[in-house]
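Enquirer: What follows is a structure written as structure tokens; I'll ask about it next.
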Amino acid sequence: MKPIYLDHNATTQIEKGAQSALLFFSSTATDPDQNFGNVSSIHWAGRKLKSAWEEAHEQVATLIGAPRGEEICFTSGATESINTAIKGAFFDYLERGESAANFHIITSAVEHEATIESARFCERLGAAKLHLIPVSAEGELDMAKLEEVLAQTRGLGKRLLSFMAANNETGVLFPLEKIAALAAKEDALLHIDAVQAPGRIEFSLAKIPADLVSLSAHKMGGPKGVGALYIKRGIKLANLLHGGAQERKRRAGTINVPGIIAFGVAAASKQNNFMSPELRDYLELAVRSHISGVHIQGQGVSRLPNTSNFLFDGVRGESLLMGLDLAGFAVSSGSACNSGSIGPSHVLLAMGHDKIAAASAVRVSLGPSNTRAEIDAFVGSLVKVVQGIRARKSAHIDSSHKI
Ligand code: PLP
């Protein structure tokens, strides 16, 4: 059977237009076009790239409703964007002679590791204060706790709020309009990790006036190794990389011209291009009607239209993933450790699951190319794999009782 890809929150296939741009701007020196230059060079080879590179800034700015392309700083991916937003704000505060202990990072317990680890680093390094806002069993942000922390920290120094638009594991959405209103009222900096939004749901600065926004090209049909950080005009961040004056002095290092232009092309194609939940709902209904003891994370709350996170009673995630992989389906677990094995997901732990359940979830994340036929094939295999695991488990229990 043809392998089927159902892991679009991990990464997406590059779109044709983005791939053409990537190749076009990686031409060999013998090409008549010679689009291989360094965009910072002042000679013809650099100059001829400039307008396409600048257009990519405009395309990404337009995608999120940013007023000016110059507010977009390209990076190596959202991990770098998030690190720059959090550490850059903290280091800028320190550079201005302020005390680290007066810098408060307020974020959630279910953010991507890039956010949580950057915040923990600031906490370890300089005793910045980290406030992790809990979530409910459904994955919803505890807004009362956020308001309480904002009230407790009022007047105590600088506050940086960092929240994700949509959770990459469960798809649960955070109430960004309310968070942005609180940030404005409390005069706090606001960073949004909007990585999972483009191409799925609307995210616009017109509705959510954030100071900083992180994006990743490979989650929206662009190439890997490129990201962007929107930095609102007037917001000061210390640079993480020191060297040349690239990206308007905000990120040193030779510019990844092919990747950035390809990112711009992908961003333009995602403009006003959102997913319908139809196929996800079809999948969830089929799973529920064919398998007993299934729990869908965040099912009762606002979620991404492409993400389903399943837990099956009595079924360990590792065996399930292996079975599905053997059948040709690419889906994802809670979280993969560096060793390649599956560890408990910090997101599911924060939602109140125990360690075994938190290592047993299976995430299916759909893309625009997935079809009902693929979902039918997936559910057919899922039923067999889950039944097989449960049958082996009860046979094992029976035989151990005989001993
Ligand atoms: N934030 C979220 C919500 C993500 O899903 C990811 C990637 O999984 C990242 C940040 C990091 O993105 P990148 O792969 O571009 O570093």
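With positions in the sequence shown counted from 1, the corresponding number in my numbering is that position plus 61.
Built from N, CA and C at the ideal position, the CB exists for glycine as well.
#1: Considering only the alpha carbon of each residue, which of Thr91, Ser169, Ala113 lies closest to Pro469?
#2: Cutting at 7 Å between CB atoms, please list the residues of its own chain near His279, excluding the five before and the five after it.
#3: Hey, how far is the Cα of Val274 from the Cα of Lys454?
#4: Can you tell which of Gln358, Gly149, Asn317, Ser179 has the C-alpha that lies nearest to the C-alpha of Asn99?
#5: Counting pairs of beta carbons, one from the region 417–437 and one from the region 385–396, are three or more of them closer than 8 Å?
#6: Helix, strand or coil for Asp92 per DSSP?
#7: Could you tell me the boundaries of the beta strand (DSSP E) in which Met225 lies?
#8: Should Asp68 be counted as a contact of the ligand PLP given a C-beta to heavy atom distance under 7 Å?
#9: Which residue or residues does DSSP assign as beta-bridge partners of Ile52?
#10: State whether the region 350–361 contacts the region 306–315, with contact taken as three or more CB pairs (one from each stretch) at a distance under 8 Å.
#11: Classify Ile103 as helix, strand or coil using the three-state DSSP reduction.
#12: Would you tell me roughly how many angstroms separate the C-alpha atoms of Leu59 and Val444, rounded to the nearest one?
#13: Of the choices Ser380, Val121, Asn334, whose alpha-carbon is the least far from that of Val446?
#14: Just tell me which of Gly187, Thr176, Glu172, Arg220 has its CA closest to the CA of Leu202.
#15: May I ask which residues mark the beginning and end of the beta strand (DSSP E) holding Lys190?
#16: Starting from the N-terminal side, write out each stretch of the alpha helix (DSSP H) that is 4 residues or longer and does not extend beyond the region 355–389.
#17: Which residues does DSSP list as the beta-bridge partners of Phe182?
#18: Report the three-state DSSP secondary structure of Asp415 (helix, strand or coil).
#19: Looking only at its own chain, which residues have a Cβ that is under 7 Å from the Cβ of Glu132, when we skip the five neighbours before and after it?
#20: Please list the terminal residues of the continuous alpha helix (DSSP H) segment that includes Phe324.
#21: Look at the alpha carbon of Ile161 and the alpha carbon of Leu155, and state the distance between them as a whole number of angstroms.
#22: I need the straight-line Cα distance from Lys310 to Glu141, nearest angstrom please.
#23: I'd like to confirm the pairing. Which residues does DSSP put opposite Leu250 in its beta bridges?
#24: By how many angstroms is the C-alpha of Pro128 removed from the C-alpha of Ser265?
#25: Where does Asp68 fall in DSSP's three states?
#26: Going by DSSP, what residues sit across from His165 in a beta bridge?
#27: Alpha carbons only, please: which of Leu207, Lys206, Gly200, His165 is nearest the one belonging to Gly187?
#28: How would you label Lys190, buried or exposed, when you count the other beta carbons within 10 angstroms and need 16 or more for buried?
#29: For the ligand PLP, I want to know if His173 counts as a neighbour, meaning its beta carbon is within less than 7 Å of at least one of the ligand's heavy atoms.
Expert: The short version:
#1: Not covered by the structure: residue 469. The range shown for the chain is 62 to 464.
#2: Within the sequence shown, numbered from 1, the residue matching residue 279 stands at position 218. The residues are Thr72, Thr73, Lys285.
#3: By one-based count along the sequence shown, residue 274 stands at place 213. By one-based count along the sequence shown, residue 454 stands at place 393. C-alpha separation (whole angstroms): 46 Å.
#4: Start at 1 with the first residue of the sequence shown, and residue 99 comes out as number 38. That would be Asn317, whose Cα lies nearest to the Cα of Asn99.
#5: yes
#6: In the sequence shown, the residue the question calls residue 92 occupies position 31. The answer is coil: DSSP assigns Asp92 none of H, G, I, E or B.
#7: Locating residue 225 in the sequence shown gives position 164, where the first residue counts as 1. Where Met225 is concerned, the enclosing beta strand (DSSP E) stretches over 219–225.
#8: Residue mapping note: residue 68 aligns to position 7 of the sequence shown, counting from 1. Not so, every heavy atom of the ligand PLP lies at least 7 Å from the Cβ.
#9: In this structure the chain extends from 62 to 464, so residue 52 is not present and cannot be described.
#10: no
#11: Sequence index remark: in the sequence shown, residue 103 carries index 42 (1-based). In the structure shown, Ile103 sits in coil (DSSP, three-state: anything other than H, G, I, E or B).
#12: Look at the range of the chain in this structure, 62 to 464, and you will see that residue 59 is not part of it.
#13: Within the sequence shown, residue 446 is the residue found at index 385, counting from 1. Ranking Ser380, Val121, Asn334 by Cα distance to Val446 puts Ser380 first.
#14: On the sequence shown, position 141 is the one that residue 202 refers to. When only C-alpha atoms are compared, the closest one is Glu172.
#15: Locating residue 190 in the sequence shown gives position 129, counting from the first residue. Unbroken beta strand (DSSP E) run through Lys190: 190–194.
#16: 378–387
#17: Numbered from its first residue, the sequence shown carries residue 182 at position 121. Phe182 is not bridged to any residue.
#18: As a first step, residue 415 must be located in the sequence shown, where it is residue number 354. In the structure shown, Asp415 sits in coil (DSSP, three-state: anything other than H, G, I, E or B).
#19: Here residue 132 is taken as the residue at index 71 of the sequence shown, counted from 1. Once the five neighbours on either side are set aside, the close Cβ partners of Glu132 are Ala122, Tyr291, Ile292, Lys293, Arg294.
#20: The sequence position of residue 324 within the sequence shown is 263, counting from 1. Here the alpha helix (DSSP H) through Phe324 covers 318–331.
#21: Stepping through the sequence shown from its first residue, residue 161 is reached at position 100. Stepping through the sequence shown from its first residue, residue 155 is reached at position 94. Contrary to the premise, residue 161 reads as Ala rather than Ile in this sequence. Taking the straight line from one Cα to the other gives about 6 Å.
#22: Position 249 of the sequence shown, counted from the first residue, corresponds to residue 310. Position 80 of the sequence shown, counted from the first residue, corresponds to residue 141. For Lys310 and Glu141, the distance between alpha carbons rounds to 16 Å.
#23: Position 189 of the sequence shown, counted from the start, is the residue given in the question as residue 250. Answer is Leu221.
#24: Along the sequence shown, one-based indexing puts residue 265 at 204. Along the sequence shown, one-based indexing puts residue 128 at 67. Using only the alpha carbons, I get a separation of about 11 Å.
#25: Start at 1 with the first residue of the sequence shown, and residue 68 comes out as number 7. Correct three-state label for Asp68: strand.
#26: Here residue 165 corresponds to residue number 104 of the sequence shown, with the count starting at 1. Answer by DSSP bridge pairing, in chain order: Lys190, Arg220.
#27: Within the sequence shown, residue 187 is the residue found at index 126, counting from 1. With distances taken between Cα atoms, Gly187 lies closest to His165.
#28: In the sequence shown, residue 190 corresponds to position 129, counting from 1. So Lys190 ends up on the buried side.
#29: In the sequence shown, counting from the first residue as 1, residue 173 sits at position 112. Yes, Cβ of His173 sits closer than 7 Å to a heavy atom of the ligand PLP.
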